[in-house]
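All residue numbers for the sequence shown refer to full-length UniProt numbering, where the first residue is 1 and numbers rise by one.
C-beta: ideal position from N, C-alpha, C; glycine also.
Presented below is the structure to which this report refers.
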Amino acid sequence: MTTLVEDRMANIAPARAANWLLYAVTGFVAVFLLWAAFAQLDVTVRGQGRVVPSSQLQVVSNLEGGVVEQILVSAGELVRQGAPLVRLDATETGSSLSAAEATSAALAARIARLEAEVAGRAPRFPVTGSPRLAEQVEIERSLYSSRQSDLASLTSAARARVAQAERAVAEAQAAAEARRENARAAREELELVRPLVESGVEPRLSLIQAESRASVAQSEVSAAAAGVTRAQSAVAEARASMSQQVQDWRSRAAAELAEARGELAAKREAQPALRGRVDRTVLRAPLSGRVNRVLVSTVGGSVAPGEPLVEIVPSDDSLMVQARIRPQDIGWVAIGQPARVNITAYDPTVYGGLPGEVVTISPDTTLDERTGESFYEVEVRTQAQAITDNAGRELPIGPGMTAEVSLIGEKRSVLSYILRPFTRLQQRAFTE
């Protein structure tokens with residue numbers, strides 16, 4: 001009896017273990033299917049690419065040409081916008097600019113002197129720290145004093161004539177006053193003699209003589225008044241002559257002033273062009289980037305106007321990567337789609353990659369003549385332009401470096417990937 005029970009118990013133990021194993025496997029499969037139904041994976045399209053310039057290659061040249069004085073950069077060097085690249089000899093252009101500035105300084109001082117002469121006031125010369133202008137100011141100040149002396153000499157004779165005429169007026173006025181006094185006396189005498197002659201006290205001859213003296217005195221008064229008028233006219237004429245001399249002198253100064261202003265305007269109009277030529281003798285980087293090639297190598301050599309001297313590959317805050325995508329994968333690619341770029345020169349497991357997004361998709365496929373395969377060109381712009389190492393140093397990335405591009409699409413469950421072969425089989429079933 002004991003043996004029968006023991007045999008039965010021995011048969012039950014393996015069966016129970018098998019049941020537990022079945023339960024475990026079933027549970028594991030259920031958990032796995034549940035996880036596969038909810039776990040999400042990114043649909044990723046991969047392609048090979050290379051780094052391309054984010055903008056066109058910039059060629060630096062000089063508009064006027066010249067002689068190379070100094071080469072300041074070399075190929076592969078990183079440059080900032082505005083950094084000097086090549087220096088040309090500026091001797092000739094600088095001399096022209098200096099001469100134009102010196103002429104402008106002289107004209108400015110001359111204009112200040114002429115304005116004072118025209119206005120009849122003291123000159124107001126421009127205040128500046130330029131030694132060249134200060135020298136011209138002293139020259140024009142001395143010339144102003146000299147010309148004022150010349151003007152005084154020119155008008156001195158006229159002033160003398162005015163003074164002489166004014167004295168003649170005074171003398172004529174005094175003589176006229178004396179004649180008027182004589183005329184009054186003669187009239188008074190006539191008034192006294194007339195009654196005496198009429199009463200017979202005095203002979204008629206006395207009346208005739210008194211009338212004659214009164215008439216002569218009145219004639220002398222008229223002559224004296226005419227003399228005063230003539231003297232006053234002489235004063236006015238002398239003053240007008242002096243004023244005309246001053247006016248003629250100032251008119252000549254005004255003509256010189258207009259000419260000087262015209263010359264100064266022309267010189268100042270030409271100076272920006274000359275200053276631009278001097279500035280352009282130092283060729284500067286139009287933007288930040290890396291020097292691709294230095295096309296001039298001889299200091300002292302001549303370069304023609306517009307001749308290319310330096311090529312710069314522009315750098316940006318981002319990189320442009322051109323990737324090749326297979327036609328069967330292009331349906332999963334869209335503009336704005338996130339991407340990840342791994343530069344093959346740097347191990348992505350150590351340095352990581354660069355996040356980016358799709359910016360352009362070619363409208364048609366391109367045939368690779370070497371392999372005979374067709375592909376779409378997709379451009380991806382990264383969010384950064386460099387990869388950093390553990391020390392925080394930027395690792396250089398330049399055009400031509402190869403990259404692995406992963407275009408991240410929509411999320412799909414793990415279960416959909418597991419069932420994909422069955423769904424494909426179902427779609428193909430019962431088709432010829």
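Pairing MET320 with GLU357 gives a Cβ-Cβ distance that is not under 8 Å. Beta-bridge analysis with DSSP links LEU283 to VAL86. Its Cα nearest to that of VAL79, the residue LEU283 stands out among VAL405, LEU283, LEU88 and ALA334. When the beta-carbon positions are compared, ASN62 and LEU407 stay at least 8 Å from each other. Nearest to THR360 by C-alpha distance, out of VAL45, SER374, VAL333 and VAL246, is VAL333.
For GLY300, the three-state secondary structure derived from DSSP is coil. A distance below 8 Å separates the beta carbons of SER318 and GLN385. In the three-state DSSP reduction, SER74 falls in the coil class, being neither helix nor strand.
For ALA83 against VAL278, the beta-carbon gap comes to about 18 Å, at or over 8 Å, which does not count as contact. Counting along the chain, GLY94 sits inside the alpha helix (DSSP H) bounded by residues 91-119. Here DSSP, grouped into helix, strand and coil, assigns MET320 to strand.
Counting the other Cβ atoms within 10 Å of the Cβ of ILE387 gives 16 or more, which makes it buried. By the Cβ criterion, the stretch 100-109 is in contact with the stretch 248-267, since at least three pairs of Cβ atoms, one from each stretch, lie closer than 8 Å. Under the three-state reduction of DSSP, THR44 is assigned to strand.
Residue state for GLU140 is assigned as helix, using DSSP reduced to three classes.
Annotation: the continuous beta strand (DSSP E) that includes PRO355 extends over 354-361. Shortest Cα-Cα distance from GLY94 to any of ILE312, GLU140 and LEU274 involves LEU274. Under the DSSP assignment, TYR351 falls in the alpha helix (DSSP H) whose first and last residues are 348-351. With fewer than 16 other CB atoms across the displayed protein chains lying within 10 angstroms of its CB, LEU367 is exposed. The criterion of a C-beta distance shorter than 8 Å is satisfied by ARG87 and THR281. If the five residues before and after THR402 are omitted, its C-beta is found closer than 6 Å to the C-beta atoms of ARG50 and THR344, all from its own chain and listed in chain order.
As DSSP reads the structure, VAL380 sits in a beta bridge with VAL321 and VAL358.
CA-CA distance, SER302 to VAL350, rounds to 50 Å. Non-local C-beta neighbours of VAL294 in its own chain, meaning closer than 7 Å and more than five positions away in sequence, comprise ILE71, VAL73, SER74, ALA75 and VAL310, ordered along the chain. GLN58 is bridged by DSSP to ILE312. In the three-state DSSP reduction, THR366 falls in the strand class (E or B).
In the structure shown, the three-state DSSP call for PHE125 is coil. With distances taken between CA atoms, SER297 lies nearest to VAL68 out of VAL68, THR382 and ARG121.
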